[in-house]
Structure formats: C-alpha cells, structure tokens
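Residues in the sequence shown are numbered from -2 upward in steps of one, following my numbering. No residue lacks a Cβ here, since even glycine has one placed at the ideal position from N, Cα and C. What you are looking at is a predicted structure, and each value in this text was computed from that prediction instead of being measured. Read the structure below first, then the notes.
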Amino acid sequence: MPFLQNTLRTLVLDVQSAFIDVQLAKSHLDLARESLSAFNEIVGINTERVRTGDLASVELARSRLAALQFQNEVKSREARLAVAANRLRTLLGRSDLGPIEVTGDLRRESPATGVELLERRAFDARPDLKALVRDQARSAAELRLQIAQGKVDYTISGEFHRQVAPNQIAGNEWGVFFSAPVPLFNRNQGEIERARQEVRQSEARVRALQADITSEVRSAWQQYATARDLVETIEQHMLAQARDVRETTAYSYRRGEASFIELLDAQRTFNDTMQSYNEARAEYARSLYALDAMTGSARP
C-alpha cells in the first residue's frame, strides 16, 4: 500500500506539472497572437499611409516583416501548446486525439506554515518513508527471532517410582534426566549477524531518506520563495511600465512622432516582460504543487 501511495504521489505531481505547462503554453500563445494582431493593424495603417504618400514604402516593408516574425512566433507557440497537451493527455491515460481544454487560474495562495513544520509533516505523511520505517520494524523483529532461535533449549526432569509388593517388600526409584540439542555450541551466530546487518541497513536507509526529504522540502521552499518574490517584483515594478511604454510608443508612431524601431523595441520589451511574468507565475504554482508532493499532502 505505501508503494502504491508513493506512486500516486509522484503521478499526481507529474499531472499537475503537465497542467501548468499547458497553461503556460496557452499564455504565451495568447501573447503572441496579441502581438500579431497589433502589428497586422500597423501594417494596415502603413499600407494606407503609403498609398496617400505619407510614408515611405520601406517603412511598410519593415512592418510587414515584423508581422511575419510574429506570425512565425504564433506557429511556434501553437506547436509548443500541442506538445504540452499531448504530454498531459498521456499522463491522464487518454488515447483519443480530441482537444484538451484546461480551465482555472494558476495557484497563487501562500503556505500557512513554515519550512520546519513542512519537514515534520513530510516525516509523518510521506508513504515512501512509512514503507522504510515498516521495513525497519520487520528487520528488528527478524533479529529478535534469530536471537531466540540461537538459544539452547535444554530440559531437566525427574521422576519417582514407589513399588510395594506382598510380604512388605518395597522398592523406591529416583531418577533425574537432562536433555539438550546437539551440537551444543551452535548459537545461530550466522543468521543473527545477517539479521543484525539488515537492521543496520534499514536504519541507514531511513536516515538517508529523511535527509533526502529534508533537502527536497527546503529546495521546494526556496523555489517557492524565489518565485513569489519574482512575481511580486514584476507585478509591482515592471508590468505597468512595460504596458505604458508600449501604448505610448504605439500612439506616437501612429502620429509620426516615433520610429518603427522604437515601436518594435517597445513591443518586444513588453513581450519579454509578459513572458517572464507568465513563467514566474507558472513556477510559483509549480512550487506549491511541489511542496504538496514533498510533504505527502498531494491528493489525486
């Protein structure tokens, strides 16, 4: 049963990670489509400006080239979304080729406990650790059995016979008996030593797994803290500025007050910021699922 529970624990984490990959791929695809739509609009505006003689044809060629680049980005993001969806489909055990739609927002809550409490929770709930602890108890019981079998079972007994015959003839017999198995010096030393070594090995395995669990929980906690700080930094200091710069530059370009290079740079800066934000949110959610898995709190 602990082996099955541990397999389910890792499988749930794999499904959750694949779910996040699909959500992240969708976010990147939506961003690429938004950029393509914006530059297709720029191409339409520039086409009209070239027709009226208000813009050089080379500027129109630049905008078309940029639109084609964003179109290629959309195709690339669509392929990545398909790969992520196929991985999720495989983990879910679905053999059909129908589309998979994921809904809901990425996890964002904060753990209500600290890393020390999470470590204790992991020691109490991890099924793989429970299995090793049970194996350790079995090894200890095996050692006690072998020690018991190594002891010599000897028997001491006695008897008394009273015999009475006619003419007051009587005879009494006394007897004392002692028995022990042969050979006398076989104390099951080999099996006792084997069982003792198994106990030591099981204890070492338990300590090693506890050390691994401690490392895994602390690493997951560090990833959570890093992703949380990164998400907060982008939200508080980068998102609004990148969006304002893009919108201001686009407005200025339409009025002929900004160059196309400035517009393209503002759009790409905004895209880089949004991609970093999406990836940070995905890592934040992934770290929360990892904490659940490391502490044995994940549920199918």
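Should residue i be counted as a contact of the ligand MN given a C-beta to heavy atom distance under 7 angstroms?
i     : result
Ala15 : Ligands in the displayed structure: none, and consequently the ligand MN is not present.
Compute the beta-carbon to beta-carbon distance between residue i and residue j, rounded to the nearest angstrom, for a pair I have assumed lies under 8 angstroms.
i      : j      : result
Leu115 : Leu5   : Not really, about 20 angstroms apart at Cβ, beyond 8 angstroms.
Arg105 : Tyr281 : 7 angstroms
Val9   : Ala119 : 15 angstroms between Cβ atoms; not a contact.
Gln272 : Ser199 : With 8 angstroms as the limit, Gln272 and Ser199 do not qualify as a contact, their Cβ atoms being about 48 angstroms apart.
Arg252 : Phe267 : 19 angstroms between Cβ atoms; not a contact.
Ser107 : Glu195 : No, Ser107 and Glu195 are not in contact; Cβ-Cβ is about 44 angstroms, not under 8 angstroms.
Thr270 : Ala239 : 4 angstroms
Arg74  : Leu26  : 4 angstroms
Leu126 : Val71  : Contact flag wrong, Cβ pair sits at about 47 angstroms.
Ser176 : Thr152 : 5 angstroms
For the alpha helix (DSSP H) holding residue i, just list the boundary residues, first then last.
i      : result
Ala64  : Ser54 to Leu88
Ala222 : Gln186 to His234
Ser312 : There is simply no residue 312 to check, as the chain begins at -2 and stops at 297 in what is shown.
CB residue i to CB residue j, shorter than 8 angstroms?
i      : j      : result
Val99  : Phe16  : yes
Gln143 : Asn185 : yes
Gln219 : Pro124 : no
Arg202 : Leu140 : no
Val47  : Ala64  : no
Ala122 : Thr7   : no
Ala53  : Gln264 : no
Arg283 : Ser14  : yes
Asn69  : Leu57  : no
Leu78  : Ala22  : yes
Arg91  : Phe257 : no
Tyr250 : Leu236 : no
Ala277 : Ala224 : yes
Leu88  : Val12  : yes
Gly172 : Gly147 : no
Leu94  : Ala279 : no
Tyr274 : Ile231 : yes
Where does residue i sit, in a helix, a strand or coil, going by DSSP?
i      : result
Gly41  : helix
Gly172 : strand
Glu244 : helix
Arg251 : helix
Ser32  : helix
Mind pulling the alpha helix (DSSP H) runs of 4 or more residues that sit fully within the segment 92 to 168?
112 to 122 and 124 to 146
Whole runs of the beta strand (DSSP E) within the segment 1 to 27, excluding any shorter than 3 residues:
none
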